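So in our numbering, spot 31 of the first sequence is number 31, and the numbers just go up one at a time.
A virtual CB, placed ideally from N, CA and C, is assigned to each residue, including glycine.
None of these values were measured; they are calculated from a predicted model.
Single-structure report; data block below.
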Amino acid sequence: MGRLRRVFDALMDWYGPQGWWPLGPAVRYHKGKYDQPSTGREVFEVYIGAILTQNSTWTGACQAMGRLRALRAMTPRALLALPDEVLEEAVRPARYLRQKARYLRAIASFFLLLKGRIPSREELLTVRGVGKETADSILLYAHHQPVFVVDAYTRRVMAALGVIRGDEEYDTIRALFEKELPADEILYNEYHALFVEHARRYYSKKPYGTGDPLITGFPVKRTRQKDTA
DNA sequence: AGCCAGGCTACCG
DNA sequence: CGGTAGCATGGC
């Protein structure tokens, strides 16, 4: 039963590889070797990006990262050395500058303690500002662990397709994907990115899912959403 | 002019 | 527990 696989194939067919976290052009995707962030710097940039994009736009997060780069503060030590006002000003385009400045400090300290080790999900969740989606994003996009990232878009799309109700626990939805799909880092990477690409088009404004070709083109059984449970 | 971003924490009942 | 207010923005 490859429902989820078919959805992936359709999205991949329509949008192509997204090459997220964006370590290099999508070309490299086809070379089989997904360009892995090997240096500590690149890994740390994913940590930073994961915080900065929370409930925000990628453009805003990029602007903030550009400011940090200009300040030469894309390493944990350099970031921690910034005065509060400077760090907050750099974060501004990514929203919640006060909060995210705190979060960035927390995760920079955490990153230093790791000394290059890959953290567990539980460890990540102890960091202030790191919730489930952020933890999973870091595991997947920075450390290449086969963890499926669930976000608001994932819920909307899958609920519209009748695969879920939409109010399930985060971990329930993650488990569903990880059960139905092979534990493939690159697959999860692209899938999540494709969800974002697709949902930005059809699931940004209400009513969600209007004109979604997944719905018109993939008749998914939606007849018993309510009666079980 | 609104509406909406790739959430998280804290605090409420 | 579940539900939600609040969080120092900027682009389409």
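Pick out whichever of the options has its Cα sitting closest to the Cα of residue i.
i: A106; options: A70, F44, R6; result: F44
i: G60; options: Y96, W14, L79, P83; result: Y96
i: P207; options: P182, A64, W21, R156; result: R156
i: G116; options: V196, T39, W20, L11; result: T39
i: L238; options: L124, A199, S204; result: Past the edges of the chain, shown from 1 to 229, lies residue 238, and the structure says nothing about it.
i: L87; options: A94, G16, L68; result: L68
i: M65; options: G16, V149, V163, A94; result: A94
i: I186; options: L82, G166, V147; result: V147
i: D184; options: L139, A73, A160, V196; result: L139
i: S56; options: M74, V196, G2; result: V196
i: M12; options: P76, L80, L194; result: L194
Taking buried to mean at least 16 other C-beta atoms within 10 Å of its own C-beta, is residue i buried or exposed?
i: E169; result: exposed
i: L112; result: exposed
i: R6; result: exposed
i: S137; result: buried
i: T53; result: buried
i: K100; result: buried
i: T172; result: exposed
i: D212; result: buried
i: A78; result: exposed
i: R174; result: buried
i: P182; result: exposed
i: E122; result: exposed
i: T154; result: buried
i: I51; result: buried
For the alpha helix (DSSP H) containing residue i, name the first residue and the last one.
i: F148; result: Per DSSP, F148 belongs to no alpha helix (DSSP H) and is neither H nor E.
i: G66; result: 58-70
i: V196; result: 185-202
i: G2; result: Where G2 is concerned, there is no enclosing alpha helix (DSSP H), given that its DSSP letter is neither H nor E.
i: R105; result: 97-114
i: D136; result: 132-137
i: M74; result: No alpha helix (DSSP H) holds M74; DSSP gives it neither H nor E.
i: Y47; result: 40-52
i: R156; result: 152-160
i: K179; result: 170-180
i: G217; result: 213-217
i: D167; result: Careful: D167 lies outside any alpha helix (DSSP H) and carries neither H nor E.
Just the Cα atoms here: how many angstroms apart are residue i and residue j?
i: E178; j: Y188; result: 9 Å
i: M158; j: Y47; result: 27 Å
i: T134; j: G217; result: 32 Å
i: A70; j: C62; result: 12 Å
i: A142; j: G49; result: 10 Å
i: A10; j: D84; result: 46 Å
i: H192; j: V150; result: 7 Å
i: L124; j: S204; result: 29 Å
i: G162; j: L4; result: 12 Å
i: G16; j: R201; result: 15 Å
i: R165; j: Q145; result: 27 Å
i: R92; j: R98; result: 8 Å
i: A230; j: E42; result: Lying before the first or after the last residue shown, residue 230 is absent from the chain, which here runs from 1 to 229.
i: G19; j: A152; result: 20 Å
i: T210; j: S120; result: 39 Å
Cβ contact check for the segment 92-104 and the segment 127-143: 3 or more pairs under 8 Å:
yes
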